[in-house]
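There are 4 protein chains.
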Amino acid sequence: MRPVPTPRKAPRQARSQHMVEQILQATARILEERGYAGMNTNAVAARAGVSVGSVYQYFPNKDSLIAALHERHGAQMYAAVDAVLADPRPRSLREQLAAMVHAWLVAHQVEPELHKVLEKEFPFFDAPSQDSPAGDNSFRRILSMLEAHRDEIGQSDLDLATWVLLRMMESLVHAAVMDAPARFAAADIERCIVDALDGYLRAGAA
Amino acid sequence: MRPVPTPRKAPRQARSQHMVEQILQATARILEERGYAGMNTNAVAARAGVSVGSVYQYFPNKDSLIAALHERHGAQMYAAVDAVLADPRPRSLREQLAAMVHAWLVAHQVEPELHKVLEKEFPFFDAPSQDSPAGDNSFRRILSMLEAHRDEIGQSDLDLATWVLLRMMESLVHAAVMDAPARFAAADIERCIVDALDGYLRAGAA
Amino acid sequence: MRPVPTPRKAPRQARSQHMVEQILQATARILEERGYAGMNTNAVAARAGVSVGSVYQYFPNKDSLIAALHERHGAQMYAAVDAVLADPRPRSLREQLAAMVHAWLVAHQVEPELHKVLEKEFPFFDAPSQDSPAGDNSFRRILSMLEAHRDEIGQSDLDLATWVLLRMMESLVHAAVMDAPARFAAADIERCIVDALDGYLRAGAA
Amino acid sequence: MRPVPTPRKAPRQARSQHMVEQILQATARILEERGYAGMNTNAVAARAGVSVGSVYQYFPNKDSLIAALHERHGAQMYAAVDAVLADPRPRSLREQLAAMVHAWLVAHQVEPELHKVLEKEFPFFDAPSQDSPAGDNSFRRILSMLEAHRDEIGQSDLDLATWVLLRMMESLVHAAVMDAPARFAAADIERCIVDALDGYLRAGAA
DNA sequence: GATGAATGAGGGTTCATTCAT
DNA sequence: TATGAATGAACCCTCATTCAT
Numbered sequence: 000m001r002p003v004p005t006p007r008k009a010p011r012q013a014r015s016q017h018m019v020e021q022i023l024q025a026t027a028r029i030l031e032e033r034g035y036a037g038m039n040t041n042a043v044a045a046r047a048g049v050s051v052g053s054v055y056q057y058f059p060n061k062d063s064l065i066a067a068l069h070e071r072h073g074a075q076m077y078a079a080v081d082a083v084l085a086d087p088r089p090r091s092l093r094e095q096l097a098a099m100v101h102a103w104l105v106a107h108q109v110e111p112e113l114h115k116v117l118e119k120e121f122p123f124f125d126a127p128s129q130d131s132p133a134g135d136n137s138f139r140r141i142l143s144m145l146e147a148h149r150d151e152i153g154q155s156d157l158d159l160a161t162w163v164l165l166r167m168m169e170s171l172v173h174a175a176v177m178d179a180p181a182r183f184a185a186a187d188i189e190r191c192i193v194d195a196l197d198g199y200l201r202a203g204a205a
Numbered sequence: 000m001r002p003v004p005t006p007r008k009a010p011r012q013a014r015s016q017h018m019v020e021q022i023l024q025a026t027a028r029i030l031e032e033r034g035y036a037g038m039n040t041n042a043v044a045a046r047a048g049v050s051v052g053s054v055y056q057y058f059p060n061k062d063s064l065i066a067a068l069h070e071r072h073g074a075q076m077y078a079a080v081d082a083v084l085a086d087p088r089p090r091s092l093r094e095q096l097a098a099m100v101h102a103w104l105v106a107h108q109v110e111p112e113l114h115k116v117l118e119k120e121f122p123f124f125d126a127p128s129q130d131s132p133a134g135d136n137s138f139r140r141i142l143s144m145l146e147a148h149r150d151e152i153g154q155s156d157l158d159l160a161t162w163v164l165l166r167m168m169e170s171l172v173h174a175a176v177m178d179a180p181a182r183f184a185a186a187d188i189e190r191c192i193v194d195a196l197d198g199y200l201r202a203g204a205a
Numbered sequence: 000m001r002p003v004p005t006p007r008k009a010p011r012q013a014r015s016q017h018m019v020e021q022i023l024q025a026t027a028r029i030l031e032e033r034g035y036a037g038m039n040t041n042a043v044a045a046r047a048g049v050s051v052g053s054v055y056q057y058f059p060n061k062d063s064l065i066a067a068l069h070e071r072h073g074a075q076m077y078a079a080v081d082a083v084l085a086d087p088r089p090r091s092l093r094e095q096l097a098a099m100v101h102a103w104l105v106a107h108q109v110e111p112e113l114h115k116v117l118e119k120e121f122p123f124f125d126a127p128s129q130d131s132p133a134g135d136n137s138f139r140r141i142l143s144m145l146e147a148h149r150d151e152i153g154q155s156d157l158d159l160a161t162w163v164l165l166r167m168m169e170s171l172v173h174a175a176v177m178d179a180p181a182r183f184a185a186a187d188i189e190r191c192i193v194d195a196l197d198g199y200l201r202a203g204a205a
Numbered sequence: 000m001r002p003v004p005t006p007r008k009a010p011r012q013a014r015s016q017h018m019v020e021q022i023l024q025a026t027a028r029i030l031e032e033r034g035y036a037g038m039n040t041n042a043v044a045a046r047a048g049v050s051v052g053s054v055y056q057y058f059p060n061k062d063s064l065i066a067a068l069h070e071r072h073g074a075q076m077y078a079a080v081d082a083v084l085a086d087p088r089p090r091s092l093r094e095q096l097a098a099m100v101h102a103w104l105v106a107h108q109v110e111p112e113l114h115k116v117l118e119k120e121f122p123f124f125d126a127p128s129q130d131s132p133a134g135d136n137s138f139r140r141i142l143s144m145l146e147a148h149r150d151e152i153g154q155s156d157l158d159l160a161t162w163v164l165l166r167m168m169e170s171l172v173h174a175a176v177m178d179a180p181a182r183f184a185a186a187d188i189e190r191c192i193v194d195a196l197d198g199y200l201r202a203g204a205a
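Right, here's the structure in full:
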């Protein structure tokens with residue numbers, strides 16, 4: 000058991016996508032209800048209405064279940080970013096940032112409990128990381144976007160700026176979702192996140 | 000086993016501070032070497048040169064060991080912030096922020112491996128949280144500092160701004176320590192963090 | 000799992016002798032490489048390039064695979080003995096014994112690894128046992144041979160003598176193949192085995 | 000699971016010899032009743048009136064239980080041989096051999112069922128092997144004995160002769176105990192074994 | 001017949017925790 | 001208080017076997 004599972008093996012591609020889906024759903028539900036500590040492969044199988052053996056047919060071990068959920072979550076985040084950046088309508092830097100933040104926050108509304116557990120117990124897994132192909136793709140899209148707004152940006156190293164930007168988005172959205180004190184309005188927090196991103200990028204500019 | 004242990008009970012205060020120290024050191028070393036998955040109370044006891052029974056004399060359960068380490072780490076962070084803010088010399092807002100970030104990064108140099116494990120496997124534990132007395136203290140100190148620089152700050156809600164600021168510091172320092180790509184110089188990252196904090200606070204200002 | 004499988008059912012006779020052959024070969028190879036503990040029906044099927052279902056088409060259960068291999072091995076031993084005894088050329092008692100021992104040792108040269116595993120993990124299976132038809136046949140042939148040399152033999156009960164003789168051959172050849180210390184030359188060991196058989200039979204003679 | 004367990008770790012020496020004894024007894028009884036396949040650590044623990052944890056306190060794994068039983072059996076065999084050879088009364092070669100064989104057969108009367116299982120499922124484990132200190136000791140004692148009777152022995156290489164002798168004793172006693180057909184009287188078989196040993200040694204003599 | 005996905009009982013092992021000494 | 005032997009619930013994973021296609 001390791002709290003930070005590396006995706007060992009992807010579920011073998013099977014046309015039994017349905018079974019894989021069942022299993023992941025069961026994993027997600029159990030994770031939401033009982034946390035990592037309360038999750039075990041037999042329970043997942045039972046919940047999925049499947050035998051343990053079948054779980055191991057598609058997932059090499061317990062942690063790969065979590066890893067798969069993470070990958071899926073990560074993919075949703077990539078998709079959210081990509082969807083925003085793919086939009087051809089001209090937008091100001093701040094609008095772009097706001098759209099990205101908004102998309103990300105919205106993406107976290109689906110299965111918020113699951114995301115909470117995933118992020119709380121296995122952080123640093125849902126961020127578009129440059130290590131994964133999809134993550135790298137997001138990285139490059141954002142970099143392009145920054146280049147397109149070069150003149151509004153104070154940071155000289157856009158590569159570094161992209162990395163910092165992603166880290167900020169990820170962790171601030173994370174914080175907003177995870178443990179924002181009730182006394183702060185969601186909209187205010189959202190605006191603050193955009194302020195932070197925007198402020199960071201412009202900082203250093205003459 | 001729960002990846003995110005709540006500090007159930009603080010170690011009973013005993014003259015045997017020495018034993019408590021031994022136990023925590025052992026826990027830290029094992030955590031560094033083997034991660035949470037490889038840690039168990041028997042191993043901790045053996046490494047500390049005491050009996051399991053003694054571990055349970057001072058710590059109610061396994062997780063409280065981790066919690067204690069977290070608290071200690073958190074305390075170091077509080078102390079770092081407090082030390083900076085307690086400094087009476089007049090400083091600009093940016094200087095204050097830079098000093099805080101620097102102090103925090105420096106604080107992470109001690110037992111970096113331990114911090115990595117703690118933050119990787121049990122995030123959101125080292126931040127001065129408003130929930131703890133010490134954390135609340137830090138929170139208030141920062142809030143005061145912001146108030147002292149009210150005119151340089153664009154954010155209208157300083158309470159919210161303080162919370163965002165702490166979240167940013169925490170997660171950006173975290174990211175810097177944990178997984179900064181080798182191609183980015185530490186000094187550049189540090190400056191970026193200050194830019195981000197500074198940029199955020201100023202944003203929204205007319 | 001039972002270390003000493005009784006051949007429950009012989010492979011149903013099928014035209015697909017080829018498939019049976021593939022399966023047994025796969026079993027043998029896996030046994031050689033990984034021992035009984037590392038053998039499982041799925042692996043056998045995979046190695047044989049057939050489906051598990053097919054394995055069960057021809058073999059009622061896992062152990063019957065081992066049993067079949069044993070039978071085959073036993074048959075080779077029977078054949079070796081029979082071939083020697085069928086030889087019409089007149090030979091002295093010692094020559095007959097020497098020929099049998101030699102034939103048996105030679106028979107163990109084929110697939111020595113497999114034989115080692117079979118004999119190490121499932122002993123008492125390769126001997127021409129009186130319980131099997133073929134074994135009984137060998138038993139009777141040897142008995143006849145002894146009767147033909149009645150005058151050179153000290154043992155009064157030739158039935159018993161045959162049994163002892165077979166046990167000796169089997170176990171000494173076994174020992175020679177399995178764990179003869181390197182310091183003993185194969186030829187010397189072989190001669191010793193013949194000495195033992197010969198010495199035994201003559202013992203008790205006036 | 001491996002049918003031929005190497006004694007991994009000896010039970011830690013503990014004054015809880017009693018518990019170790021209970022556990023081994025339980026293992027033996029279960030082995031007798033259900034064979035290796037029917038033995039499992041939980042059953043052993045239950046039968047021993049002990050918790051599984053305790054079994055693992057003294058034995059590193061399942062197989063070490065079997066290994067311990069084997070060692071014990073082997074030790075009994077060593078002891079039997081040693082007792083005979085330590086006897087100072089002058090005896091002829093044949094008498095010595097007969098005494099050894101007898102001692103060994105007698106030693107197999109204790110817990111015959113257990114011995115059957117041990118030898119059937121894990122052969123080559125009860126023989127005084129030169130690899131173990133005790134085995135080497137037996138080996139040397141027998142060698143000395145043969146040297147003392149040098150003039151009666153036809154074999155020129157007494158080292159080799161000792162090895163063959165041990166192999167013969169071991170396997171013939173084994174066969175006698177394991178699967179002697181009912182039609183042969185025990186006394187006759189015993190005499191045959193002595194004949195075989197005696198005959199072998201004298202063979203080759205002028 | 002052939003296939004191989006699905007089954008699920010079963011078992012070895014770990015380790016947090018207790019408690020008699 | 002300190003000890004550490006003892007406990008036993010819990011869990012991951014394997015693999016012989018089945019059966020619908």
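Order-wise, the sequence lines are chains A, B, C and D. Be aware that the first sequence starts at 0, since it is given in numbering that gives the first Met the number 0, and climbs by one per residue. Be aware that the second sequence starts at 0, since it is given in numbering that gives the first Met the number 0, and climbs by one per residue. Be aware that the third sequence starts at 0, since it is given in numbering that gives the first Met the number 0, and climbs by one per residue. Be aware that the fourth sequence starts at 0, since it is given in numbering that gives the first Met the number 0, and climbs by one per residue. For every residue, glycine included, the Cβ atom is placed at its ideal position computed from N, Cα and C.
Does the separation of the CB atoms of VAL163 (chain B) and VAL100 (chain B) fall below 9 Å? no
For MET38 (chain C), three-class secondary structure by DSSP: coil
If the cut is a Cβ gap below 8 Å, which residues of chain B does PRO180 (chain A) touch? Correct list: GLN129, TRP162.
Can you tell me whether DSSP reads GLU110 (chain A) as helix, strand or coil? If DSSP states are grouped into helix, strand and coil, GLU110 (chain A) belongs with coil.
Compare the Cα-Cα distances from LYS115 (chain C) to each of C:ALA27, C:GLU20, C:ILE22 and report the closest residue. The alpha carbon of LYS115 (chain C) has as its nearest neighbour, out of C:ALA27, C:GLU20, C:ILE22, the alpha carbon of C:ALA27.
What are the boundary residues of the alpha helix (DSSP H) that ARG28 (chain B) is part of? 16-33
Report all residues from its chain with a CB closer than 6 Å to the CB of VAL193 (chain B); omit the five preceding and five following residues, and keep chain order. LEU96, ALA97, VAL100
For TYR77 (chain A), which residues from the same chain have a beta carbon less than 8 Å from its beta carbon, with the 5 sequence-adjacent residues on both sides left out? PRO127, ALA133, GLY134, ASN136, SER137
Member of C:ARG182, C:MET177, C:VAL176, C:LEU159 whose CA lies at the smallest distance from the CA of ALA195 (chain D): Of C:ARG182, C:MET177, C:VAL176, C:LEU159, the residue nearest in Cα terms is C:LEU159.
Compile a chain-ordered list of the residues in the segment 141-167 of chain B whose CB is closer than 8 Å to at least one CB of chain A. GLY153, GLN154, ASP156, ASP158, LEU159, ALA160, TRP162, VAL163, ARG166, MET167
Rounded C-alpha distance that separates ALA175 (chain C) from GLU31 (chain B): 53 Å
I'd like to know whether the C-beta of ILE29 (chain D) is nearer than 9 Å to at least one C-beta of chain C. no
For PRO132 (chain A), does the three-state DSSP call read helix, strand or coil? Helix at PRO132 (chain A).
Please confirm whether HIS101 (chain D) has its beta-carbon closer than 9 Å to some beta-carbon of chain C. no
Using a Cβ-Cβ cut-off of less than 7 Å, give me the residues of the segment 191-203 of chain C that come near chain D, in sequence order. Under the 7 Å Cβ criterion, the segment 191-203 of chain C contributes CYS191, ASP194, ALA195, ASP197, GLY198, TYR199, ARG201, ALA202, GLY203.
How should ALA82 (chain C) be labelled, buried or exposed, when 16 other C-beta atoms within 10 angstroms of its C-beta is the threshold for buried? exposed
Using beta-carbon positions only, say whether SER53 (chain C) and MET18 (chain C) come within less than 9 Å of one another. yes
Whose CA, out of C:ALA186, C:GLY203, C:GLU112, lies closest to the CA of ILE29 (chain C)? C:GLU112
Within the continuous alpha helix (DSSP H) that includes VAL172 (chain A), where are the two ends? 157-178
For GLU206 (chain C), collect the residues of the same chain with a Cβ closer than 8 Å to its Cβ; drop the 5 residues on either side in sequence, then sort them by chain order. Residue 206 (chain C) is absent from the structure shown; chain C starts at 0 and stops at 205.
Give me the subset of the segment 27-58 of chain C whose CB atoms are less than 7 Å from a CB atom of chain D, sorted by chain position. Residues passing the 7 Å Cβ filter: GLY34, TYR35, ALA36.
Check the Cβ of SER170 (chain A) against every Cβ in chain B and list those closer than 9 Å, keeping chain order. ARG166, MET167, GLU169, SER170, LEU171, HIS173, ALA174
Helix, strand or coil at ILE65 (chain D) according to DSSP, with G and I counted as helix: In the structure shown, ILE65 (chain D) sits in a helix (DSSP, three-state: H, G or I).
Answer yes or no: does any C-beta atom of chain A fall closer than 9 Å to that of ILE22 (chain B)? no
Looking at chain C, is there any beta carbon in it that lies within less than 9 Å of the beta carbon of ASP81 (chain D)? no
Could you check whether ASP197 (chain A) and GLY198 (chain B) sit closer than 9 Å to each other, using their CB atoms as the reference points? yes
Are any of the Cβ atoms in chain D nearer than 9 Å to that of ILE65 (chain C)? Cβ-Cβ to chain D under 9 Å: no for ILE65 (chain C).
Residue nearest to PRO180 (chain C) in terms of C-alpha spacing, selected from D:ARG166, D:GLN154, D:GLN75: Among D:ARG166, D:GLN154, D:GLN75, the Cα nearest to that of PRO180 (chain C) is on D:ARG166.
From the DSSP output, in three-state form, read off ARG139 (chain B) for me. helix
ASP135 (chain D) at chain C interface by Cβ criterion, 9 Å: Residue-level contact by beta carbon fails for ASP135 (chain D) and chain C, as no gap is shorter than 9 Å.
With 9 Å as the threshold, decide whether the Cβ of ASP187 (chain D) is near any Cβ in chain C. For ASP187 (chain D), the answer is yes, since a Cβ of chain C falls inside 9 Å of its Cβ.
Please report the distance separating the alpha-carbon of PRO10 (chain D) from that of ALA25 (chain D). With a pLDDT of 45 at PRO10 (chain D), under the threshold of 50, the predicted position of this residue should be treated as unreliable, and no value is reported.
Tell me whether the beta-carbon of VAL49 (chain B) lies closer than 9 Å to the beta-carbon of GLN75 (chain B). Contact: no.
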